[in-house]
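Trainee: Chains as they are written, first to last, in this note's numbering: chain A, 31 to 312; chain B, 31 to 312.
Sending over a structure as C-alpha cells; questions will come in a sec.
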C-alpha cells in the first residue's frame, strides 16, 4: 500500500546546526540532502540572519553548548559569505561544513573574477524581475485553481488537468512559487466524461496541457479523508473516474504521469521537462 | 523607490549545469547561492533524474558539447549519490563541484557509519509523515486564505493579519509548502478599523497571530497594478489603512514586520523565529 509510513529512524545524539547570514534555506536544503544519506535522525537547529560578529559569537556559543550537553561535537552547515563571520564558526567546537568558502574560492580562480561577498545576496531579490514573476505566478495560479477562471489562459505556462484530488493544486502552487511558472488547473469531472470532451476552454491550449493521474486505490483513500463514506470517495467511483480520465487524455494526446508515488517536487520537475515553458532551459 | 529593477548583469560565455539523480532542486538552490556571489549571468541547464550510467554519459556529452560551443569549460554542480555516476561527470570537460562526495565522505568518518547511497532519498518522501504534513498544511492554508474560513483555527500554527495586498497569501502558502506550517490569514479591513477591533474570531488565538505591514507608497503601487485608479489603490486610502492597521496591532500587542523590502523567504523565516510553532526548533 502506497500510504504506509516508514518506521522512524534511530536518533543520533548529535545536534545539527544550519547557520546563515540570510534565511538559512540553502544551508538547510543542502544539509538535508547530505544527512538523508545516513540512517539517523538528528536534532536540528536553524540559526538564520547571522550577519554581525556579535551574532556569529552567539551562534558559536550555542554550538559549543550543544557539544557540552550532547557529549559529541555538533555538525554545522554554514552559508556565511563574509569570511570573518565564517572564521568565528570554524573556531567553534562543531564539525564545520562551510558551503560557500569550499566552492567560492575555486570558482574565483576558474572565472578569473572576485566574488562580491554580498550578504544574503541570493535571497535579496525583492526588486528583481525574477521575484516579481514568482509573485505574479502565485497570484495567477491561485486565481486559476480548480477551473475557477477561464480568463487569460493564453498567459498560462502550463495547464494541469486530472480528476479531483489527483495533486493538481499543490503542484500548480509549487510550480509558481519555485519557478515563477503560471500554472492553471482544471478538474476532469463526470460531466466531462459524459460529454466525452475536454472542458470547453482548453482545446486551444493543447500544447501546454499536462495530465495527472493516480491509482483508484490511493485516490479513494485521499477522498475518504475528506468525505468519509461518500459515493465520491468510493472505490467504484474512483475506478470509473480514473479510467475515464485516462481514456480522455489518451484520446486527446495529452501527456500525463501518475502522481501516486511522486512528491510535488518530482511531479513539477517532470512537467517542466515535458512542457518546456519558454522562459527557461531544462 | 523600492520597486526599481536592478540593471541586468553582464552575461558570461559559460554554461552552468545542475546534474542530479533526483529533481535537481538541491543542486540548483545551492548553485544559485554560490553563483550570486559573482556579478555575472550564466546560461543554466538542469539535468534531473540522471540515475543510470546511460543518462550519466548523456549528461557528460552535453557538458562536453557546451565546452566546445562556448569555448570555455562549463561549471557543473552535481548531487549524484552513486559514485559510478559521479565518476562519469567528473571525467567530463566541466569544472565539477561534487556536492555530495565533498561532504559525505568526511561525515561518514565523523559519524562512524556508512552512508546509504540511496538515489533521490531526500526527495523520495511521499510516504513520510513530514510530506503528509506539508500537503495537509497546503490544503489548510488554501482553505483559510483571506479570512475565508473561521473553522478549525485552533489547528493553525500561525495566523497572519494585515491590510489587503501586504503579502499574507504568498507567505502563508510558502510556510505551508516549505515547512508544513498551517498558516491562516485574515485581512484587516476598514470595517475592523471602524469597529476598532480585531476580526471577532481571532482574539482567542492571540499567541499565534503575526502581522504584516508595508509602506503606503509600495502598497499603492501594488494595488494600482490590480485596480488602476481606484480609491482602494489611492495613496490617501493606503496611508489611512496602513496607519490604522499598525495602530491596531500595537494596541493588541501583535508582533509584526514590514514586508516592503523582504522576500517571502525572509518574511517566513522571521515569523518562524518569532512564533516558534511547536513542532520545530529554530
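Backbone N, C-alpha and C fix where the C-beta goes; we use that ideal spot for every residue, glycine too.
Measure how close the beta-carbons of residue 147 (chain B) and residue 112 (chain B) come, nearest whole angstrom, since I'm counting them as under 8 Å.
Mentor: The Cβ separation is near 6 Å, so the contact holds.
Trainee: Starting from the Cα of residue 90 (chain A), find the closest Cα among A:77, A:214 and A:284 and give me that residue.
Mentor: Comparing Cα-Cα distances from residue 90 (chain A) to each of A:77, A:214 and A:284, the minimum goes to A:77.
Trainee: Which residues in the same chain as residue 127 (chain B) place their Cβ atom closer than 6 Å to its Cβ, once the five residues preceding and following it in sequence are excluded?
Mentor: Result list for residue 127 (chain B): 107, in chain order.
Trainee: Would you call the segment 184-204 of chain A in contact with the segment 244-260 of chain A, where contact means no fewer than 3 C-beta pairs closer than 8 Å?
Mentor: Because the criterion of three Cβ pairs below 8 Å is met, the segment 184-204 of chain A and the segment 244-260 of chain A touch.
Trainee: What residue range does the alpha helix (DSSP H) around residue 250 (chain A) cover?
Mentor: Here the alpha helix (DSSP H) through residue 250 (chain A) covers 246-256.
Trainee: Does the distance from the CB of residue 304 (chain A) to the CB of residue 281 (chain A) come in under 8 Å?
Mentor: Against a cut-off of 8 Å, the Cβ pair of residue 281 (chain A) and residue 304 (chain A) comes out as no contact.
Trainee: Determine the chain A residues that contact residue 54 (chain B) at a beta-carbon separation under 8 Å, and present them in chain order.
Mentor: Here the neighbours are 299.
Trainee: Determine whether the beta carbon atoms of residue 114 (chain A) and residue 81 (chain A) lie at a separation below 8 Å.
Mentor: Cβ distance not < 8 Å, so residue 114 (chain A) and residue 81 (chain A) don't count as in contact.
Trainee: At 9 Å on the CB atoms, spell out the chain D contacts of residue 137 (chain B), in chain order.
Mentor: Checking the listed chains, one finds no chain D in this structure; the protein chains it contains are A and B.
Trainee: Which residue or residues does DSSP assign as beta-bridge partners of residue 217 (chain B)?
Mentor: Looking at the DSSP assignment, residue 217 (chain B) forms a beta bridge with B:192.
Trainee: If you measure beta-carbon to beta-carbon, which residues of the segment 259-279 of chain A are closer than 9 Å to chain B?
Mentor: Result list empty, no residue passes.
Trainee: Nearest chain B C-beta to residue 216 (chain A) closer than 8 Å, yes or no?
Mentor: So, not an interface residue.
Trainee: Run through the DSSP bridge pairs and tell me what residue 241 (chain B) is partnered with.
Mentor: According to DSSP, residue 241 (chain B) bridges with B:191 and B:286.
Trainee: When the distance is taken between beta carbons, is residue 207 (chain B) closer than 8 Å to residue 203 (chain A)?
Mentor: Yes, the pair counts as a contact, with Cβ atoms nearer than the cut-off.
Trainee: Quick test of the definition: if touching needs 3 or more C-beta pairs under 8 Å, does the segment 57-65 of chain A touch the segment 283-303 of chain B?
Mentor: No, the segment 57-65 of chain A is not in contact with the segment 283-303 of chain B.
Trainee: Taking the beta strand (DSSP E) that residue 41 (chain A) falls in, what are its first and last residues?
Mentor: Element bounds for residue 41 (chain A): 41-50.
Trainee: Report the residues of the segment 280-296 of chain A with a CB closer than 7 Å to any CB of chain B, ordered along the chain.
Mentor: Under the 7 Å Cβ criterion, the segment 280-296 of chain A contributes 291, 292, 293, 295 and 296.
Trainee: So what's residue 60 (chain A) in DSSP terms, helix, strand or just coil?
Mentor: Three-state result, residue 60 (chain A): helix.
Trainee: One question on the structure: do residue 210 (chain A) and residue 167 (chain A) come within less than 8 Å of each other, judged by their Cβ atoms?
Mentor: Cβ atoms of residue 210 (chain A) and residue 167 (chain A): closer than 8 Å.
Trainee: Is the shortest distance between the beta-carbon of residue 245 (chain B) and the beta-carbons of chain A less than 8 Å?
Mentor: No, its Cβ sits nowhere closer than 8 Å to a Cβ of chain A.
Trainee: For the beta strand (DSSP E) that contains residue 76 (chain B), what are its first and last residues?
Mentor: That run of the beta strand (DSSP E) goes 71-77.
Trainee: Counting contacts by CB-CB distance shorter than 8 Å, is residue 305 (chain A) in contact with chain B?
Mentor: Answer no: the Cβ-Cβ gap between residue 305 (chain A) and chain B never drops below 8 Å.
Trainee: Between which two residues does the alpha helix (DSSP H) carrying residue 84 (chain B) extend?
Mentor: Residues 83-100.
Trainee: Taking residue 147 (chain B) as the query, report the chain A residues whose CB atoms sit under 9 Å from its CB, ordered along the chain.
Mentor: Those are 67, listed as they occur along chain A.
Trainee: Could you spell out the range, first to last residue, of the alpha helix (DSSP H) harbouring residue 133 (chain A)?
Mentor: Start and end: 129-141.
Trainee: For residue 171 (chain A), collect the residues of the same chain with a Cβ closer than 6 Å to its Cβ; drop the 5 residues on either side in sequence, then sort them by chain order.
Mentor: These residues qualify, in order along the chain: 202, 203, 206 and 213.
Trainee: Classify residue 175 (chain A): buried if its beta carbon has 16 or more other beta carbons within 10 angstroms, exposed otherwise.
Mentor: Buried, since its Cβ has 16 or more Cβ neighbours within 10 Å.
Trainee: Roughly how many whole angstroms lie between the Cα atoms of residue 317 (chain B) and residue 47 (chain A)?
Mentor: A query on residue 317 (chain B) cannot be resolved here, the shown segment of chain B reaching from 31 to 312 and no further.
Trainee: Taking residue 296 (chain B) as the reference, which of A:156, A:179 and A:98 has the closest Cα?
Mentor: Considering only alpha carbons, the answer is A:156.
Trainee: Which residues, taken in chain order from the segment 194-220 of chain A, show a beta carbon closer than 8 Å to some beta carbon of chain B?
Mentor: Those residues of the segment 194-220 of chain A that come within reach of chain B (Cβ to Cβ, closer than 8 Å) are 199, 200, 203, 204, 207 and 208.
Trainee: Residue 126 (chain A) bridges to which residues according to DSSP?
Mentor: A:106, per the DSSP bridge assignment.
Trainee: When DSSP labels each residue in this structure, what does residue 158 (chain B) get in the three-state scheme?
Mentor: Residue state, collapsed to three classes: coil.
Trainee: Among B:60, B:93 and B:130, which one has its Cα closest to the Cα of residue 68 (chain A)?
Mentor: Selected option, being the one with the closest Cα: B:130.
Trainee: Report all residues from its chain with a CB closer than 8 Å to the CB of residue 294 (chain B); omit the five preceding and five following residues, and keep chain order.
Mentor: Same-chain partners within the cutoff: 197, 200, 201 and 204.
Trainee: Let's test the definition: count the other Cβ atoms within 10 Å of the Cβ of residue 237 (chain B) and tell me whether it reaches 16, buried, or not, exposed.
Mentor: Exposed, because fewer than 16 other Cβ atoms sit within 10 Å of the Cβ of residue 237 (chain B).
Trainee: So that I know if they touch, is there some Cβ in chain A lying closer than 8 Å to that of residue 189 (chain B)?
Mentor: Output row for residue 189 (chain B): interface = no.
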